[in-house]
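Add 100 to the 1-based position in the sequence shown for our numbering, that's all there is to it. We treat Cβ as the ideally placed atom computed from N, Cα and C, and that holds for glycine. Keep in mind the model is a prediction, meaning the values are calculated, not measured.
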Amino acid sequence: MKLSELVAAAGQTAATSSRLAKIDVLARLLQSAEPGELAPVVGLLLASPRQGRLGVGWRGITAIDVPHAAESALTIDDVDRALDELAAVTGSGSAAVRSAALEGLAGRATAAEWDFLARAMLGELRTGALAGVVLDAIARASDRPAAAVRRAAMLSGDLGATALIALTGTAEDLDAVGLAVGRPVLPMLAASAATPSAALEITGEASVEYKLDGARIQVHRHGDDVRIFTRSLADVTHRLPEIVEIVRALPAHDVILDGETLSLDEDGGPRPFQQTMSRFGADVARELVLRPWFFDVLRVDGRDLLDEPLTVRLEELERVAGAWRMPGIVTADPEEAERLSREALAAGHEGVVVKAIGSAYSAGRRGKSWVKVKPVLTYDLVVLGAEWGSGRRRGWLSNLHLGARDPDGDFGEPGGFVMVGKTFKGLTDELLRWQTETFPGYETRRTASTVFVRPEIVVEIAIDGVQHSPRYPGGIALRFARVKHYRPDKTAADADTIQTLRALLRE
Numbered sequence: 101m102k103l104s105e106l107v108a109a110a111g112q113t114a115a116t117s118s119r120l121a122k123i124d125v126l127a128r129l130l131q132s133a134e135p136g137e138l139a140p141v142v143g144l145l146l147a148s149p150r151q152g153r154l155g156v157g158w159r160g161i162t163a164i165d166v167p168h169a170a171e172s173a174l175t176i177d178d179v180d181r182a183l184d185e186l187a188a189v190t191g192s193g194s195a196a197v198r199s200a201a202l203e204g205l206a207g208r209a210t211a212a213e214w215d216f217l218a219r220a221m222l223g224e225l226r227t228g229a230l231a232g233v234v235l236d237a238i239a240r241a242s243d244r245p246a247a248a249v250r251r252a253a254m255l256s257g258d259l260g261a262t263a264l265i266a267l268t269g270t271a272e273d274l275d276a277v278g279l280a281v282g283r284p285v286l287p288m289l290a291a292s293a294a295t296p297s298a299a300l301e302i303t304g305e306a307s308v309e310y311k312l313d314g315a316r317i318q319v320h321r322h323g324d325d326v327r328i329f330t331r332s333l334a335d336v337t338h339r340l341p342e343i344v345e346i347v348r349a350l351p352a353h354d355v356i357l358d359g360e361t362l363s364l365d366e367d368g369g370p371r372p373f374q375q376t377m378s379r380f381g382a383d384v385a386r387e388l389v390l391r392p393w394f395f396d397v398l399r400v401d402g403r404d405l406l407d408e409p410l411t412v413r414l415e416e417l418e419r420v421a422g423a424w425r426m427p428g429i430v431t432a433d434p435e436e437a438e439r440l441s442r443e444a445l446a447a448g449h450e451g452v453v454v455k456a457i458g459s460a461y462s463a464g465r466r467g468k469s470w471v472k473v474k475p476v477l478t479y480d481l482v483v484l485g486a487e488w489g490s491g492r493r494r495g496w497l498s499n500l501h502l503g504a505r506d507p508d509g510d511f512g513e514p515g516g517f518v519m520v521g522k523t524f525k526g527l528t529d530e531l532l533r534w535q536t537e538t539f540p541g542y543e544t545r546r547t548a549s550t551v552f553v554r555p556e557i558v559v560e561i562a563i564d565g566v567q568h569s570p571r572y573p574g575g576i577a578l579r580f581a582r583v584k585h586y587r588p589d590k591t592a593a594d595a596d597t598i599q600t601l602r603a604l605l606r607e
């Protein structure tokens, strides 16, 4: 397949707001691909190349200035090999080698192809070809049930591999995709409620558990081999040796655990989230010690537990990791749920998560079986820009422009972001300095007052609610927004949606 065919299909999906039309275009594209091209095609469509980290950034790509090819000649295989070479570059002089490789690829591509590739490598394609659309396109192209394709993708954590199985294998091959120790799956996510009582009205009898202000981890163990993954499925095993040792001592040979980790201070209270996250950016272990709190088990000693009710999973969790379990109770009594919430808050934690006791583990899905309750409403938004400060903040990028995700394009381009407010509250001198140093690397344009950035930086914002506002396209504005902290463990795809924020008007 020529790269130009992929570029043309991406252009067609970007040009229509119809989800069905997007699916139709992408299904035809996938049907025309050779088996070995499926994973690269899917990765490029999602601006997430199958090679993972390529070691290239905005500055390196925008610095490329070479004449482009007059006619299309590059194939998907050509591009995939070039990205393999980029991903393999390490060591002294790697920047120069990457630059030369990028120049070579840019010179073989037409201007339109290079524009597509640059945006794919930077993770900023705006084609409307989101994961859900691609999943449905795979289902249509392969004539497989969408539910079967979705489940295989969630359990494999790899849309490209799922496309290959769906289009070249049998229905039984697709159904056979299951949990595998060492291969991370997308974590189950929680909806939100204002109070534990309101959450119980949604779930019925539930396991009410502490909600920590920590980092989500998924731990896989096979014998003495332990691997730890973040919520974005990045492997951080080498950075968390103390958790590796804890898991090696558990009474199981094979196990997959879901949980959180954070560090405690001298008084036993939780340290700030930023201190926990500092360990994930370190190449060597620091003095700051992290401990795990596990709240679910997905597999143990050859037995998959995803479809078992939470009651069964909690029994196995207690047996395997009782000493490291997240504190919680099973109850249908609102007063008991409220009591545990007060206890969690008094201990310095965020609140509680209320989980329907009969629910299965829905990997990668956000339903109403899990409901998080935090006394202060917090949402993950993306930074769209920042204004230069005045007074004592002069010379620093300060007032943030905040955006919510718009997956269906209700208020703009599908897969885009809708501005919902601004804030400079909660910004410490350290954060102001960091913003000023970091944001120019994401810059798309600027005016005299504002630096506009690619919507990739996720920040957790606390609000008191939302209000109607004609000022922004989504029709709402945040009330009393303030910065809690940045979330380097999350991508823009994890940001909350404009629909979630608009639902607060009804509440």
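| Item | Value |
| --- | --- |
| Determine the burial state of V384: buried for a count of at least 16 other Cβ atoms within 10 Å of its Cβ, exposed for fewer. | Any reading at V384 must be qualified, since the residue scores a pLDDT of 47, below 50, and its modelled position is unreliable; no value is offered. |
| Considering just the uninterrupted stretch of the alpha helix (DSSP H) at A110, what are its terminal residues? | 103-115 |
| When the Cβ atoms of the stretch 317-327 are set against those of the stretch 492-511, are three or more pairs found closer than 8 Å? | no |
| Residue ranges of each beta strand (DSSP E) run of no fewer than 3 residues wholly in the stretch 245-327, ordered along the chain? | 289-293, 306-311, 315-322 |
| Applying the 10 Å Cβ sphere with the 16-neighbour rule, what's the burial state of L388? | exposed |
| Please report how far the alpha carbon of R533 lies from the alpha carbon of Y586, in whole angstroms. | 13 Å |
| Is it right to say V397 is buried, meaning 16 or more other beta carbons lie within 10 angstroms of its own, or is it exposed? | buried |
| Flag this pair as touching only if the stretch 449-464 and the stretch 275-293 have three or more C-beta atom pairs under 8 Å; answer yes or no. | yes |
| Could you check if S132 is buried or exposed, using at least 16 other CB atoms within 10 Å of its CB as the buried criterion? | exposed |
| Taking three-plus beta-carbon pairs below 8 Å as touching, is the stretch 390-404 in contact with the stretch 342-362? | yes |
| With burial defined as no fewer than 16 other Cβ atoms inside 10 Å of the residue's Cβ, what is the status of G136: buried or exposed? | exposed |
| Grouping DSSP H, G and I as helix and E and B as strand, with all else coil, what is A548? | coil |
| Tell me the DSSP secondary structure of V384 in three-state form. | Any reading at V384 is ruled out, since the residue's pLDDT is 47, under 50, leaving its predicted position unreliable. |
| Using DSSP with H/G/I as helix, E/B as strand and the rest coil, what is K468? | strand |
| Cβ atoms of S378 and K590: under 8 Å apart, would you say? | no |
| Nearest by alpha-carbon distance to Q375: which of A315, G323, L350, I429 is it? | A315 |
| Relative to the C-alpha of Y542, which residue among E556, D529, E530, S549 is closest? | E556 |
| According to DSSP, is I563 helix, strand or coil? | strand |
| Taking the C-alpha atoms as reference points, what is the distance between A114 and L217? | 15 Å |
| Spatial neighbours of M101 within its chain, please: C-beta separation below 6 Å, excluding the five flanking residues on both sides. | A133, E137, I176 |
| Do S242 and A261 come within 8 Å of each other at the CB atom, strictly closer than that value? | no |
| State the Cα-Cα distance for the pair D594 and D480, rounded to the nearest angstrom. | 7 Å |
| Would you report the Cα separation of W41 and H449, rounded to the nearest angstrom? | For residue 41 there is no data in the structure shown, the boundaries of the chain being 101 and 607. |
| DSSP on H501, reduced to helix/strand/coil? | strand |
| Which of the three DSSP states, helix, strand or coil, is assigned to R579? | strand |
| Report the rounded CA-to-CA distance for E203 versus A231, giving the unit in angstroms. | 30 Å |
| What's the C-alpha gap between G515 and E366? | 44 Å |
| According to DSSP, simplified to helix, strand and coil, what is W158? | helix |
| Please go through the stretch 163-199 and give each complete alpha helix (DSSP H) segment of 4 or more residues, from N-terminal end onward. | 176-188 |
| Looking at the structure shown, is R153 part of a helix, part of a strand, or coil, going by DSSP? | coil |
| What are the residues that DSSP puts in a beta bridge with D506? | G516 |
| Mind checking whether A127 and R251 have CB atoms under 8 Å apart? | no |
| Excluding sequence positions up to five away, which residues of its chain have a Cβ less than 6 Å from the Cβ of G489? | W496, S498 |
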